[in-house]
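Residue numbers are given in the working numbering: position 161 of the sequence shown equals residue 400, and the series is strictly consecutive.
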Amino acid sequence: MCGIVGYVGKKSVVPLIIEGLRKLEYRGYDSAGIAVVDSDCTLSLRRAEGKLRNLEEAIRLEPLDGNYGIGHTRWATHGRPTEENAHPHRDQSGRVVVVHNGIIENYLTLKERLIGQGHEFKTETDTEVVAHLIGSYVDEGLSLELAVRKTVAELKGIFALS
240 MCGIVGYVGK KSVVPLIIEG LRKLEYRGYD SAGIAVVDSD CTLSLRRAEG KLRNLEEAIR
300 LEPLDGNYGI GHTRWATHGR PTEENAHPHR DQSGRVVVVH NGIIENYLTL KERLIGQGHE
360 FKTETDTEVV AHLIGSYVDE GLSLELAVRK TVAELKGIFA LS
């Protein structure tokens with residue numbers, strides 16, 4: 240199990256996502272992470288192994304600001320509970336970020352296909368494979384919505400994405 244929270248609005252996103260993650264921390268205490276888009280449309284991530292307080296410390300040391308973002312608490316299924324394997328995960332270009340709850344049963348097959356296309360992976364997670372697959376379809380010219388739809392159609396398992 241994992242916890243997923245997101246916010247889009249006029250308020251500063253970081254305190255809202257941290258509060259949401261605090262309420263969902265029981266769903267995953269192996270690691271936590273957040274992705275935020277700032278006023279310049281720059282996408283920034285902070286991730287930490289262990290409890291949510293470790294993520295809060297990472298944000299205190301390297302603050303984030305923005306009006307929309309996603310957060311995640313992780314209970315490790317694919318990949319060890321490390322900062323590297325903590326969500327959110329980026330695609331090859333760094334433009335697409337994904338958090339996910341569940342298990343993608345065919346992620347190794349999809350990963351092998353993407354490696355054959357030149358993708359390099361930094362983690363052991365099925366979530367990074369989802370991010371790369373979405374990103375590959377965006378790179379082919381699909382809108383983000385269509386890229387997500389096409390990706391979801393290829394995934395086998397039970398999952399939720401953000």
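Ideal Cβ positions, reconstructed from N, Cα and C, are used throughout, including at glycine.
Contacts around residue i, its chain only, beta-carbon distance under 8 Å, and the 5 residues preceding and following it disregarded
i           : result
residue 257 : 273, 291, 294, 295, 298, 310
residue 251 : 304, 305, 306
Local conformation of residue i per DSSP, three classes
i           : result
residue 258 : helix
residue 381 : coil
residue 270 : strand
residue 369 : helix
residue 353 : helix
residue 336 : strand
residue 402 : One cannot answer for residue 402 here, as it falls past the ends of the chain, which runs 240 to 401.
Close beta carbons around residue i, own chain, < 7 Å, minus the five adjacent residues each side
i           : result
residue 322 : 270, 286, 287, 288
residue 387 : 373
residue 301 : 285
residue 350 : 360, 368
residue 340 : 240, 241, 243, 398, 399
residue 330 : 370, 371, 373, 374
Distance, residue j Cα to residue i Cα
i           : j           : result
residue 324 : residue 368 : 12 Å
residue 247 : residue 281 : 15 Å
residue 390 : residue 249 : 30 Å
residue 263 : residue 312 : 7 Å
residue 333 : residue 242 : 23 Å
residue 358 : residue 265 : 34 Å
residue 384 : residue 401 : 12 Å
residue 255 : residue 261 : 10 Å
residue 279 : residue 335 : 16 Å
Other residues of its chain near residue i: CB distance less than 6 Å, five sequence neighbours each side excluded
i           : result
residue 275 : 252, 283, 303, 305, 308
residue 376 : 386, 389
What residue ranges within the stretch 277-329 form continuous beta strand (DSSP E) runs of no fewer than 3 residues, ordered along the chain? The qualifying runs are 282-288, 307-313.
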